[in-house]
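Here's the structure, in structure tokens; my notes come after.
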Amino acid sequence: MIDIELVRSQGETVEANLRRRQDPEVLRLFEEVRDADREWRSVRGDADAIRKRRNELSRQIGEARRAGAPPADLDAEAKEISSRLESLAGREAELLRARDAALRRLPNLLAESVPFGKDDAENVTVASWGTPDRTVGGRRSHADLLEGLGMAEFDRGRRAAGAGFYYLTGPIVLLDLALQRFALDLLVERGFTPVAPPYMLRREPYEGVTDLADFENVMYRIADEDLYLIATSEHPLAALRMGEILDDAELPIRLAGVSPCFRKEIGGHGVDQKGVFRVHQFQKVEQFVFCRPDESEAIHEELRANAEEVFRRLEVPYRVVNVCTGDLGTIAAKKYDIEAWFPRQQAYREVVSCSNCTDYQARRLGIRMGKAGKPGKSVPHTLNSTAIATSRGLAVILEQYQRPDGGLDVPRVLRPYLGGRATIERPPRGG
RNA sequence: GCUGAGGUAGCCUAGCCCGGAAAGGCGCCAGCCUUGAAAGCUGGUGGCGGCGACGCCUCGGGAGUUCAAAUCUCCCCCUCAGCGCCA
């Protein structure tokens with residue numbers, strides 16, 4: 012959430028920034044925040060004056076009572092003033108509620124380096140690595156390949172859990188774990204602390220880390236409980252320090268989350284719909300950082316470099332796009348997507364999302380900076396980035412490393428995690 | 001799930017039974033003292049509104065009673081302990 016002080020003192024700048032998102036609803040919300048805040052402050056003043064009088068009377072009545080009987084006129088005025096306050100206080104509370112509701116729905120301010128654009132077609136490619144293989148050459152979809160190897164159960168997954176769920180079986184499970192372990196080791200090497208977070212969160216922290224629309228669309232709720240399955244470990248990692256004061260000296264805090272991710276809304280598919288590209292459940296190793304505001308820009312680049320390194324070591328061609336103003340989500344001030352080359356689809360598809368959330372998430376979670384004994388008012392920044400999501404990471408490897416005979420070469424960097432194994436073969440007797 | 005105890009400012013705690021300006025300690029900041037530091041002493045140290053004098057609010061959250069609620073009543077949330085169940 013944006014700092015209300017900023018809305019007051021730099022209203023024009025904030026509005027101009029929000030305008031870049033090209034969403035009329037956002038500007039309407041901004042007006043609502045500003046109007047409600049202005050009126051709240053005015054009503055607040057009136058109500059405070061009445062409260063002051065009430066407190067005076069209350070004090071006098073108390074003193075009079077201790078001395079003898081309370082004077083009837085004081086009592087009458089106190090009663091009258093209380094009822095007058097009631098409606099005003101109601102209005103005051105309502106305005107504050109309206110202001111904060113609108114403020115919480117207002118998206119983050121955009122970083123200056125975010126390119127202006129309408130939608131994902133106008134995202135700007137800022138880097139690329141590797142040479143995309145432009146020949147389709149009888150490549151199979153990752154789902155076909157998996158089924159050919161007898162290492163995935165899509166139909167049975169649907170029968171048991173519904174569309175969007177699947178079973179992986181056999182050596183591919185080890186490959187999946189190897190991918191996670193490889194990414195995790197890389198992050199640990201670079202100073203991250205591995206974290207196995209809770210896979211469910213209560214509503215309150217959840218509202219701090221995500222926006223309300225997402226909340227309704229993507230979250231699985233546990234029936235009769237105030238619990239939601241996490242959509243990414245970013246969320247429990249952010250909530251790890253909710254309500255706390257972070258000591259400047261401990262920043263930056265680099266965390267590597269490992270968890271399954273659960274998402275209700277999986278959207279449309281496109282080519283090769285079957286498989287693990289868009290699913291309700293997948294594994295992810297995630298980078299997450301709490302840091303000082305002045306260092307978040309540099310750390311954003313660091314997270315991006317780490318994510319790029321994952322795909323370089325896997326020898327998977329990719330490009331990096333700077334997500335444009337019209338395509339950026341609510342929480343992020345700036346976002347890079349890494350899109351890996353899927354040779355069967357002959358397309359770059361998103362495999363990493365790397366965001367600088369500045370102070371937006373931290374403010375919603377009530378996280379501040381300072382020292383024990385001397386809490387500050389400033390708010391740290393949070394950043395997050397995929398290291399590897401093993402649905403898509405797996406899919407791209409299956410597309411790229413498949414062999415014409417239906418087997419799979421194991422990416423060099425993963426072999427140590429598979430006991431040196433270099434290939435995954437079709438089982439001797441076909442399924 | 002049952003029973004009990006709790007939730008008070010950055011932290012720890014008192015106040016609650018019996019309603020009437022949130023006491024104290026730690027930490028932190030400043031001053032005094034000191035060659036410097038520590039100790040000691042003095043003062044300050046929540047949020048919001050107001051240009052300001054100042055005022056209002058704040059005791060897990062909400063509702064109620066009352067002139068007045070940390071305190072009384074009701075509902076809800078969370079934490080801890082014991083018991084139960086359990087990988």
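Counting from 12, one number per residue, gives the positions in the first sequence under the working numbering. All residues carry an ideal CB built from backbone N, CA and C; glycine is no exception.
Check                                                                                                                      : Outcome
Range covered by the beta strand (DSSP E) that runs through Asp258                                                         : 256-258
Gly442 (DSSP reduced to helix, strand or coil)                                                                             : At Gly442 the pLDDT is 47, less than 50, meaning the model places this residue with poor confidence; the figure from the coordinates comes in the next sentence. Of the three classes helix, strand and coil, the one that applies to Gly442 here is coil, per DSSP.
Boundaries of the alpha helix (DSSP H) in which Thr401 is found, first to last residue                                     : 401-411
Best match in Ile399, Gln413, Leu68 for proximity to Phe193 [C-alpha to C-alpha]                                           : Ile399
Whole-Å CB distance - Val229 paired with Lys295, under 8 Å assumed                                                         : With a Cβ gap of about 14 Å, Val229 and Lys295 do not count as contacting.
Arg30 CB to nearest heavy atom of the ligand MG below 7 Å                                                                  : What this structure holds is no ligand at all, so the ligand MG is not there to describe.
Buried versus exposed call for Glu236 [16 or more other C-beta atoms within 10 Å across all chains shown]                  : exposed
Whether Arg443 touches Thr336 by CB criterion (8 Å)                                                                        : Past the edges of the chain, shown from 12 to 442, lies residue 443, and the structure says nothing about it.
Pro216 - containing alpha helix (DSSP H), residue span                                                                     : 214-220
Distance CB(Tyr419)-CB(Leu409) smaller than 8 Å                                                                            : As written in the sequence, residue 419 is Leu, which differs from the Tyr given in the question. For Leu419 and Leu409, yes; Cβs fall inside 8 Å.
C-alpha gap between Lys90 and Glu103, whole angstroms                                                                      : 20 Å
Glu26 to Arg45 span [Cα, whole Å]                                                                                          : 10 Å
Cβ neighbour criterion (16 or more within 10 Å) applied to Gly268                                                          : buried
Cut-off 6 Å between Cβ atoms - residues of its own chain near Phe273, not counting five sequence neighbours on either side : Tyr231, Leu240, Gln292
Beta carbon of His311 nearer than 8 Å to that of Lys345                                                                    : yes
Opening and closing residue of the beta strand (DSSP E) in which Leu268 lies                                               : Looking at the sequence shown, residue 268 is not Leu but Gly. From DSSP, the beta strand (DSSP E) with Gly268 extends over 264-273.
Helix, strand or coil at Asn395 [DSSP, three-state]                                                                        : strand
Reduced DSSP secondary structure (H/G/I, E/B, other) of Glu361                                                             : strand
For Arg65 and Leu96, believed in contact at Cβ under 8 Å, the rounded distance                                             : 6 Å
Sequence-distant residues of its chain with Cβ nearer than 7 Å to Gln411 (five each side left out)                         : Val327, Pro354
C-beta atoms of Leu314 and Ser396 nearer than 8 Å                                                                          : yes
Contact the region 377-387 vs the region 249-258: 3+ CB pairs below 8 Å                                                    : yes
Buried versus exposed call for Thr146 [16 or more other C-beta atoms within 10 Å across all chains shown]                  : exposed
Inter-residue spacing [alpha-carbon to alpha-carbon] between Glu215 and Leu238                                             : 10 Å
Residue burial classification, Glu23 (beta-carbon count within 10 angstroms, cutoff 16)                                    : exposed
6 Å CB neighbourhood of Ala316 in its chain, flanking five on each side removed                                            : none
Alpha-carbon spacing of Arg423 relative to Gln33, whole angstroms                                                          : 45 Å
Inter-residue CB distance, Val290 and Gly175 (contact presumed, cutoff 8 Å)                                                : 5 Å
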